[in-house]
Each structure stands twice: as structure tokens, then as C-alpha cells.
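Inspection log for the structure reproduced underneath, given as C-alpha cells.
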Amino acid sequence: MTRFYYVLLRLLACCLVFPLNAAAQTGAGSSAEPVESAVFEPGSKSDLVLALPLGLPPLPVPADNPLSAAKVALGRKLFFDRRLSLNNAISCALCHVPEQGFTNNELAVPVGFEGRTGRRNSPTLYNAAYLEHLFHDGRERALETQPIDPLLADHEMNNPSLGAILDKLAKLPDYAGLFEAAFAGRGPTADTLGMAFASYMRTLISANSPFDRWYYGGEENAISAQAKQGFQLFVGKAGCAQCHLLNEQSALFTDQRFHNTGIGVPKDSRQTPATRQLSAAPGVVITVDQRLIDALKAQRMPTDLGRYEVTQNPADRWAYRTPILRNIALTAPYMHDGSLRTLRAVIDYYDQGGVGHALQSPLIRPLGLSADEREALHAFLLTLTGDNVDLLAQDARLVEVGELRPDDPHWRHERAD
72 MTRFYYVLLR LLACCLVFPL NAAAQTGAGS SAEPVESAVF EPGSKSDLVL
122 ALPLGLPPLP VPADNPLSAA KVALGRKLFF DRRLSLNNAI SCALCHVPEQ
172 GFTNNELAVP VGFEGRTGRR NSPTLYNAAY LEHLFHDGRE RALETQPIDP
222 LLADHEMNNP SLGAILDKLA KLPDYAGLFE AAFAGRGPTA DTLGMAFASY
272 MRTLISANSP FDRWYYGGEE NAISAQAKQG FQLFVGKAGC AQCHLLNEQS
322 ALFTDQRFHN TGIGVPKDSR QTPATRQLSA APGVVITVDQ RLIDALKAQR
372 MPTDLGRYEV TQNPADRWAY RTPILRNIAL TAPYMHDGSL RTLRAVIDYY
422 DQGGVGHALQ SPLIRPLGLS ADEREALHAF LLTLTGDNVD LLAQDARLVE
472 VGELRPDDPH WRHERAD
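FYI, the numbering for the sequence shown is 72 to 488, going by the numbering used here.
So this is what it looks like as C-alpha cells:
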């Protein structure tokens with residue numbers, strides 16, 4: 072057995088839901104039935120089922136897109152394929168880097184097609200399968216449709232149309248038969264493309280963190296006394312659990328709602344520091360005049376109004392989705408625009424009560440935390456890292472990066488008449 076299939080088998084054992092029978096796949100009712108966990112037996116010829124990590128609720132999987140090894144492998148291949156961009160240079164993994172929490176630790180906002188930048192930080196893909204709303208503004212509701220947006224966005228992969236992507240995939244030699252094998256004879260279509268991507272993203276679930284082993288598993292020594300104090304602050308004085316919810320059975324640490332934290336409010340309507348630290352290269356931080364940053368944004372980026380752009384409701388101006396906090400220590404920089412580089416900076420921001428703008432959520436208020444309390448809260452957040460993050464990154468890197476090859480059909484390889 073190759074190393075690829077060995078790691079994939081381990082992922083399936085830990086992360087995947089394969090319904091036990093046809094009734095489980097096509098049951099009546101909701102189109103996204105939660106699938107209960109069960110024990111996976113290596114070598115069993117029965118359908119595989121999920122052994123969910125401690126701390127997570129049942130994984131929602133659409134009845135019309137049950138998981139399979141073939142779909143997951145295809146979705147992973149697509150995720151790392153640069154040929155899915157117009158210039159064959161940008162893949163999903165360039166903005167959602169496996170070793171960087173499936174986001175990008177080095178950039179506040181991602182760099183896409185021909186160096187174009189976006190308005191928003193790359194959100195982590197960890198546990199995205201549980202989100203009811205995707206993207207910071209919640210404009211998509213399903214993993215199956217979410218990938219289409221970055222494939223077509225001019226500042227990301229900049230394809231002229233979905234049809235152009237499907238035509239390219241149908242002609243690439245190394246994709247021959249892969250869609251058909253994963254989708255019962257169906258080739259590349261809008262549906263099968265989205266379902267393959269979604270299947271891979273549903274494997275990126277991560278929990279069984281030190282917090283989970285303490286809170287749900289009863290291991291008293293799984294986290295420190297300082298982290299336990301931080302948890303009490305999280306659910307109490309600091310008020311974090313008002314938006315980052317948990318219950319006695321599981322925790323996603325999100326209310327799945329949208330809030331104006333003050334971060335998105337226009338700079339001219341609130342006080343901001345005169346300078347800002349920016350990451351110029353891995354490990355290299357420079358101090359830049361905020362006026363230069365604002366001038367550059369004004370030239371290159373349209374105004375970001377958050378959830379309002381989806382709902383057109385004035386009450387939703389500068390509101391963004393509450394993120395899941397699991398693996399939060401791995402997914403810097405923070406906030407929808409990547410403007411806060413560290414967890415301590417996030418804690419300080421909320422401790423001061425945000426910016427005090429009139430439209431800021433009333434849930435955000437000065438907390439009056441002491442230095443020791445802020446450190447305790449920080450210690451708690453560090454306990455939310457799942458125990459399988461290295462395995463997920465290792466599995467991701469087993470796939471060959473898709474790059475333009477001499478036998479690929481493309482205009483660069485065609486002679487003009």
C-alpha cells in the first residue's frame with residue numbers, strides 16, 4: 072500500500088462519514104442529515120463510518136453528496152492544482168496553506184491573480200463543514216457552491232467562466248476518468264466539481280484538543296490551572312461565550328451569526344494608531360505609516376461593508392461572521408481584514424471595548440481585565456488546537472501540485488495559424 076493510501080485510510084478512519092447503507096444516504100427529511108459516529112474497523116469490507124474527534128457534533132453531510140474516498144482524493148487534487156486559475160499559477164492551497172492553519176499566516180489579505188489583493192483575510196478551512204454561512208459575509212450556504220466564487224473572482228483565480236474551467240479539466244490527461252470514477256460515470260460538471268471540493272473540505276475537521284480532553288473527556292491534567300482560569304473568564308467576565316458558543320456535548324465556538332466588532336468601521340470615523348506593523352516576509356515585520364496603507368487601499372480596494380453587501384440591510388453594515396475558535400492559535404492574523412497579528416492583540420482589542428462606534432455590537436464593551444486575566448484567557452485559547460492538525464497537513468502534502476505540463480492542452484502550447 073502506498074504512503075498516500077495509508078494516510079488517506081487513517082484520515083477516513085478519523086474524519087469521514089460513509090453511511091452504512093442506502094437508507095442512510097437517501098433518508099427523507101433534511102437534505103443535510105447529521106451522521107452519527109461509529110467505530111471504524113481497518114480492513115472491513117463494509118462501508119466506512121465516522122469516528123468523530125472528541126468535542127465535535129455530528130458532521131452534516133448532504134444526502135446527495137455522501138463522502139467517498141474517490142471524491143476526497145479528487146477534491147484534494149483539485150485543491151492543489153494551479154491549473155484551475157486562468158494563468159495556471161494560483162491554487163486554493165496558496166491562500167489556504169495546510170501548514171499555516173489552512174489560512175495564510177504571512178499576509179493580512181491574500182495575493183491572487185497577477186499580484187492582485189483582496190479585501191479580506193483568508194478564513195481557515197478547519198471545521199468549515201459545520202458552518203451555516205461561508206465567507207466572512209456569509210454569502211454562500213453550502214460547501215458544494217463555495218469554491219465557484221474564488222475560481223471566478225478577478226483578484227483570485229480569474230477564470231472567465233465556470234465553463235472554461237470544466238473544458239480545461241475535461242482535456243487534462245491526468246484527470247481522465249477521475250470524475251467518472253468518483254461520480255458514477257459523470258464527468259466534470261458544475262455539480263461534480265463543487266461536490267469534489269466539498270468532500271475534501273469535509274475531511275478538514277479537527278478537535279480532541281487539550282480543552283476537549285479536559286472539558287468533555289474528564290482529564291483533569293489535560294490543561295493548566297491558568298488555562299482553566301481563562302475558560303472561566305471566557306464564559307464569564309470576558310463574555311466571549313456570548314458569541315463563541317459551546318454546550319455540554321460539543322463546541323463549535325461560534326453562534327453562526329454576524330456582528331459588527333468595530334474592526335470594519337471606516338477609519339475616518341474612529342481613532343486608529345498612527346503606524347501599523349506589517350509582515351514583509353516570513354519573520355520580518357516592518358512599521359508602516361497608517362496613512363500610506365489607507366491611501367493604497369483607497370486606490371486598489373472597494374469599500375467593504377460586510378454582511379450589508381449580501382442583505383442590503385443597513386443594520387448589517389460592517390458585520391461579519393463569528394469565526395470558529397478551534398485551532399485559533401494556528402490561524403493568525405485575525406479579524407476579517409487580518410488587521411490584528413496576534414491573539415494577545417485580539418484580547419487587548421476586546422478588553423478595551425472595540426472602537427466604541429455607534430453601530431458596534433452592544434456585546435462588545437470594556438472588560439477591565441487585569442494583565443494576569445488576559446494571560447489566562449490567552450492560555451485557554453492555546454488549548455483549542457486539535458490533535459490531528461499535523462496529520463491533516465501531512466496528508467495534504469502527499470498530493471502532487473498541479474502545474475502546467477508539456478502535454479496539457481493550453482494556448483501556450485498551440486501554434487497560431
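Idealized CB from N, CA, C, for every residue including glycine.
Return helix, strand or coil for residue i, following the three-state DSSP convention.
i      : result
Pro281 : helix
Val472 : coil
Tyr197 : coil
Pro181 : coil
Thr346 : strand
His449 : helix
Ala103 : In this prediction, Ala103 has a pLDDT of 41, which is less than 50 and means its spatial position is unreliable; what the coordinates show is noted afterwards. In the structure shown, Ala103 sits in a strand (DSSP, three-state: E or B).
Leu462 : helix
Asp478 : coil
Ile145 : Correcting the residue identity first, residue 145 is Leu in this sequence and not Ile. Leu145: helix per DSSP, three-state reduction.
Pro385 : helix
Asn292 : helix
Ile276 : coil
Leu82  : Only weak support exists for where Leu82 lies, its pLDDT of 47 falling under 50; the value from the coordinates is given anyway. It is helical.
Pro324 : One detail in the question is off: residue 324 reads as Phe in this sequence, not Pro. Residue state, collapsed to three classes: coil.
Thr454 : helix
Ile435 : coil
Glu444 : helix
Ala467 : helix
Tyr287 : coil
Ala429 : coil
Leu363 : helix
Val417 : helix
Ser139 : coil
Ile161 : coil
Ala267 : helix
Ala400 : helix
Ser340 : Its pLDDT being 48, under 50, Ser340 is placed unreliably in this model, and the coordinates cannot settle the point.
Output yes or no for whether 8 Å exceeds the beta carbon distance between residue i and residue j.
i      : j      : result
Asp458 : Asn279 : yes
Leu157 : Pro221 : no
Ala200 : Ile276 : yes
Gly126 : Asp375 : no
Gly473 : Phe151 : yes
Arg273 : Val132 : yes
Cys397 : Tyr197 : Checking the sequence, you will find Arg at residue 397 rather than Cys. It is a contact, given that the beta carbons lie within the stated cut-off.
Gly335 : Tyr391 : yes
Val381 : Gly189 : no
Gln313 : His204 : no
Pro242 : Pro480 : It is Lys, not Pro, that sits at residue 242 in the sequence shown. Taking 8 Å as the Cβ cut-off, Lys242 and Pro480 qualify as a contacting pair.
Pro128 : Ser321 : yes
His407 : Arg187 : no
Glu227 : Gly256 : no
Arg436 : Asp422 : no
His167 : Ser139 : no
Return no unless some Cβ of chain B is closer than 8 Å to the Cβ of residue i.
i      : result
Thr413 : This model lacks chain B altogether, as it is built from one protein chain only.
Quick one: what's residue i bridged to in DSSP?
i      : result
Thr260 : Thr260 is not bridged to any residue.
Val168 : Thr174
Thr188 : Val182
His330 : Tyr391
Gly377 : Ala390
Thr358 : Gln348
Tyr405 : Leu411
Asp152 : Gly473
Meets three-Cβ-pair contact criterion under 8 Å: the segment 445 to 460 and the segment 292 to 305 | Yes: at least three Cβ pairs fall under 8 Å.
Should the segment 392 to 405 be called in touch with the segment 163 to 175, which here means at least 3 C-beta pairs below 8 Å?
-> Contact between the segment 392 to 405 and the segment 163 to 175 is present, with at least three C-beta pairs closer than 8 Å.
Mind the definition here: the segment 248 to 261 touches the segment 422 to 430 only if three or more C-beta pairs lie below 8 Å; say whether that holds.
-> Contact between the segment 248 to 261 and the segment 422 to 430 is absent: fewer than three C-beta pairs spanning the two stretches fall below 8 Å.
Contact the segment 141 to 155 vs the segment 262 to 275: 3+ CB pairs below 8 Å | Per the Cβ contact rule, the segment 141 to 155 is in contact with the segment 262 to 275 (3 or more Cβ pairs under 8 Å).
If you scan the segment 205 to 263 from start to end, which runs of the alpha helix (DSSP H) of 4 or more residues do you find wholly inside it?
-> Note on the segment 205 to 263: whole alpha helix (DSSP H) runs with a minimum of 4 residues are 219 to 223, 233 to 242 and 249 to 253, in chain order.
Scan the segment 296 to 322 and note each continuous alpha helix (DSSP H) run of 4 residues or more that stays entirely inside, going in chain order.
-> Listed in chain order, the complete alpha helix (DSSP H) runs (minimum 4 residues) inside the segment 296 to 322 are 296 to 306.
Sufficient close CB pairs (3 or more, under 8 Å) joining the segment 406 to 421 to the segment 228 to 246 | Touching, no.
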